[in-house]
Each structure stands twice: as C-alpha cells, then as structure tokens.
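Here the structure is laid out as structure tokens; the discussion comes afterwards.
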C-alpha cells in the first residue's frame with residue numbers, strides 16, 4: 002500500500018495509543034480494507050488496544066493472510082469474555098485449521114459461554130478427530146452446552162462432507178443417528194446420511 006499515503010500513515014500509526022480511541026478503532030477498520038499481508042502485524046498490535054481490538058479482530062477475520070489466523074489464535078489468551086468469544090467466532094468463520102489446538106483449549110474453559118463458542122469454532126475449523134470432544138460435550142452438565150454440542154457434531158459432519166471427507170462424515174452421522182441426540186439433530190443426520198449414501 003506504498004502508493005496510498007493515508008493508508009500508509011494508518012499502518013504506521015495503528016500501534017500507537019496516543020490517538021483518541023475512535024481514531025484508533027477507525028484505523029484498524031481501514032487497515033482491514035487492504036488485502037496486503039503487511040497490515041497484519043499492525044492489526045495484531047491493535048488487538049492489544051482495548052478500544053481498537055474489536056475492529057482489529059473483524060479486520061483480521063476478513064484478511065486472506067495466513068498470519069491473520071496466528072494473530073487471532075494468540076488473542077485467545079486476552080482478557081474479556083465477550084472478546085474471546087468473538088475471536089473464537091472469527092476462527093470458526095475462517096475455518097482456521099492451524100488454530101485448532103488453541104480452540105480445543107478454549108473448549109475446556111471454566112465459562113460455559115466460552116466453551117460453547119469453542120465448540121462452534123471446532124465445527125467449522127476441526128477435523129474428524131474433533132468429534133470425540135464434541136461427543137463428550139453432549140454429556141456436559143450445562144444444558145446449553147449439550148444442545149450446542151449436538152448441533153456442532155452435525156455441522157462438523159456437514160463440513161467434512163463438503164471437504165470431500167465422505168467416510169468421516171458418514172461415521173459421525175451414523176453415530177448421531179444412533180445416539181440420544183435431540184430429534185431435530187437425529188433427523189438431520191439421517192437426511193445427510195441419505196445424501197451421502199450411494200443409491201441402492
């Protein structure tokens with residue numbers, strides 16, 4: 002972005018906490034408009050700024066750079082429940098396979114709302130090996146967590162099927178259909194099974 006003086010200045014100033022909060026947040030938003038991977042370190046720095054970090058998170062979520070995934074994963078250690086949930090949502094939307102170990106850690110968080118966000122992120126970013134964790138969560142004490150885990154198992158199966166991992170998707174769908182999952186999830190699993198199974 003060397004040809005744009007304003008955006009170049011935005012990148013240079015984004016780590017600085019000397020500007021008013023609204024300006025710092027807007028700088029993080031503007032940097033998100035650029036596909037250039039050079040902006041990622043500046044956005045990663047902005048994740049440390051309580052006033053700019055939410056906009057920086059959104060910008061990193063949309064960034065095509067693999068470095069953005071690492072920056073978001075590192076932010077899972079930040080303070081603030083709502084912010085961490087937002088980071089998990091971003092990683093799930095990015096289908097951030099490289100962040101799965103950090104997401105799995107969040108699935109063991111003391112707060113159920115964080116654990117639930119981690120389950121949804123795993124459904125988007127995880128592989129077949131994540132189904133064991135999701136299945137355990139269907140037996141959690143928290144009702145909302147159990148419900149989310151059932152939904153996420155189905156989403157994981159659908160994601161695997163979309164990636165061409167048909168055998169893994171079939172295995173999960175069969176397990177859901179034979180489990181004590183709520184009826185909507187069992188019906189959805191049976192429907193996906195019918196789509197994935199060869200016609201007789």
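Residue numbers (the numbering used here): 2 to 201. Cβ coordinates follow ideal geometry from the N, Cα and C atoms, glycine included. Computed from a predicted model, the values in this text were never measured in an experiment.
Local Cβ density within 10 Å of residue i, reported as buried at 16 or more and exposed below that
{"i": "residue 23", "result": "exposed"}
{"i": "residue 184", "result": "exposed"}
{"i": "residue 165", "result": "exposed"}
{"i": "residue 103", "result": "buried"}
{"i": "residue 196", "result": "exposed"}
{"i": "residue 168", "result": "exposed"}
{"i": "residue 82", "result": "exposed"}
{"i": "residue 50", "result": "buried"}
The ligand MG heavy atom lying under 6 Å from the CB of residue i
{"i": "residue 63", "result": "Within the structure as shown, the ligand MG is missing, as the structure has no ligands at all."}
Pair within 7 Å by beta-carbon distance, residue i and residue j
{"i": "residue 126", "j": "residue 172", "result": "no"}
{"i": "residue 32", "j": "residue 43", "result": "yes"}
{"i": "residue 41", "j": "residue 66", "result": "yes"}
{"i": "residue 158", "j": "residue 170", "result": "yes"}
{"i": "residue 91", "j": "residue 73", "result": "yes"}
{"i": "residue 1", "j": "residue 146", "result": "There is simply no residue 1 to check, as the chain begins at 2 and stops at 201 in what is shown."}
Residues of its chain near residue i, where Cβ-Cβ distance is below 6 Å and the 5 sequence neighbours each way are ignored
{"i": "residue 178", "result": "187, 190, 191"}
Cβ-based neighbour list, residue i, same chain, cut-off 8 Å, excluding 5 preceding and 5 following
{"i": "residue 30", "result": "56, 59, 60"}
Same chain, Cβ closer than 7 Å to residue i, five either side skipped, listed in chain order
{"i": "residue 98", "result": "126"}
{"i": "residue 1", "result": "Look at the range of the chain in this structure, 2 to 201, and you will see that residue 1 is not part of it."}
{"i": "residue 114", "result": "82, 86"}
{"i": "residue 52", "result": "22, 25, 26"}
Next item on the list: Please confirm if the region 145-158 is in contact with the region 114-121, defined as three or more CB-CB distances below 8 Å between the two stretches.
Entry: Short answer: they touch.
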